[in-house]
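What follows is one structure encoded as structure tokens, with my remarks underneath.
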Amino acid sequence: MSKWVYSFGQSLTEGAASDRNLLGGKGANLAEMSGIGLPVPPGFTLSTEVCTWFYANDRSYPAELKDQVNAAIRRLEDETGAVFAGADNPLLLSVRSGARASMPGMMDTVLNLGLNRDTVAGLANRSGEARFAWDSYRRFIQMYSDVVLGVDHGLFEDALEDLKADLNVIEDTELDGAACEELVSTYLGIVREETDTDFPEDPHEQLWGAIGAVFGSWMNTRANTYRKLNNIPSEWGTAVN
Numbered sequence: 155m156s157k158w159v160y161s162f163g164q165s166l167t168e169g170a171a172s173d174r175n176l177l178g179g180k181g182a183n184l185a186e187m188s189g190i191g192l193p194v195p196p197g198f199t200l201s202t203e204v205c206t207w208f209y210a211n212d213r214s215y216p217a218e219l220k221d222q223v224n225a226a227i228r229r230l231e232d233e234t235g236a237v238f239a240g241a242d243n244p245l246l247l248s249v250r251s252g253a254r255a256s257m258p259g260m261m262d263t264v265l266n267l268g269l270n271r272d273t274v275a276g277l278a279n280r281s282g283e284a285r286f287a288w289d290s291y292r293r294f295i296q297m298y299s300d301v302v303l304g305v306d307h308g309l310f311e312d313a314l315e316d317l318k319a320d321l322n323v324i325e326d327t328e329l330d331g332a333a334c335e336e337l338v339s340t341y342l343g344i345v346r347e348e349t350d351t352d353f354p355e356d357p358h359e360q361l362w363g364a365i366g367a368v369f370g371s372w373m374n375t376r377a378n379t380y381r382k383l384n385n386i387p388s389e390w391g392t393a394v395n
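Numbering (the working numbering), first residue to last: 155 to 395.
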């Protein structure tokens with residue numbers, strides 16, 4: 155069976171700095187730091203070979219990939235004590251690109267993945283900060299909707315500015331938890347209106363949407379232009395961390 159997913163963390167580290175071509179620069183360096191005992195938050199990397207497969211097979215994935223990703227998530231749960239899609243102590247993920255050559259700002263990123271109506275309550279309880287939880291959720295909705303669903307991020311910014319004007323505040327940080335919760339409802343309505351479907355609540359659905367978007371961003375206009383200017387072959391592909 156082919157190996158597509160490589161974990162890094164205290165319990166298991168697969169790879170090292172020398173695996174840059176396979177794991178991308180970010181993935182290789184995270185593995186190296188984990189391997190020498192530095193306090194790196196645990197995670198996993200989908201190799202550049204997945205990206206190559208993705209484009210060679212009509213943007214599909216190898217048959218073994220889903221099981222390997224699920225196994226990597228279980229390892230994260232064991233190491234952190236948090237649970238992906240768990241309401242009480244939710245495990246949240248960042249999903250980032252990581253090519254072997256640095257391409258800063260050229261590809262897409264999704265943060266706070268795993269938040270939904272249930273897990274945001276768990277985050278609020280665990281952190282003791284309702285504002286932090288609801289602000290994280292509304293930022294996740296905006297980022298995911300832009301990167302994955304193709305919803306104009308300006309619509310969310312307009313809604314934010316409208317609410318700030320209504321509340322007579324200037325800075326985002328002046329919004330309290332209730333205001334951020336109201337923004338979440340507004341943002342979910344924007345997604346529904348723009349896509350004719352609801353924002354995905356299932357964190358696993360969110361994850362695969364984000365993975366596809368990051369791999370897809372390898373071929374976006376700005377990434378293609380950057381590669382041409384810097385003589386980076388498109389065949390290299392990107393990893394996803």
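The beta-carbon is built from N, C-alpha and C at its ideal position, and this holds for glycine as well.
Residue state for P244 is assigned as strand, using DSSP reduced to three classes. Beta-bridge pairing by DSSP links Y160 to T199.
Just so you know, the alpha carbons of G304 and L176 end up roughly 29 Å apart.
Counting along the chain, no beta strand (DSSP E) covers S165, and no H or E run does either.
By the Cβ test, the stretch 339-351 is in contact with the stretch 284-304, since at least three Cβ pairs between them sit closer than 8 Å. Runs of beta strand (DSSP E) with 3 or more residues, each lying fully within the stretch 168-228, are found at 197-200, listed in chain order. Counting along the chain, the unbroken beta strand (DSSP E) around T392 starts and ends at T392 to V394. Relative to G191, the option among R213, V204 and T167 whose CA is nearest is T167. Contact check between the stretch 262-277 and the stretch 233-253: three or more CB pairs, one atom from each, fall below 8 Å, which counts as touching. A check of alpha carbon separations from E335 across F294, P216, I365 and T349 identifies F294 as the nearest. Assignment of A236 by DSSP, reduced to helix, strand and coil, places it in the coil class. Note that the stretch 201-212 touches the stretch 366-375; at least 3 beta-carbon pairs, one per stretch, sit closer than 8 Å. Ranked by Cα distance from S256, the options G163, G181, A332 and A278 are led by G181. Beta-bridge partners of L267 (DSSP): L247. The DSSP-derived three-state label of G252 is strand. Sorting E283, A217, V237 and N378 by C-alpha distance to the C-alpha of W158 places A217 at the top.
Considering only P195, L200 and Q296, the residue with the shortest C-alpha distance to G179 is L200.
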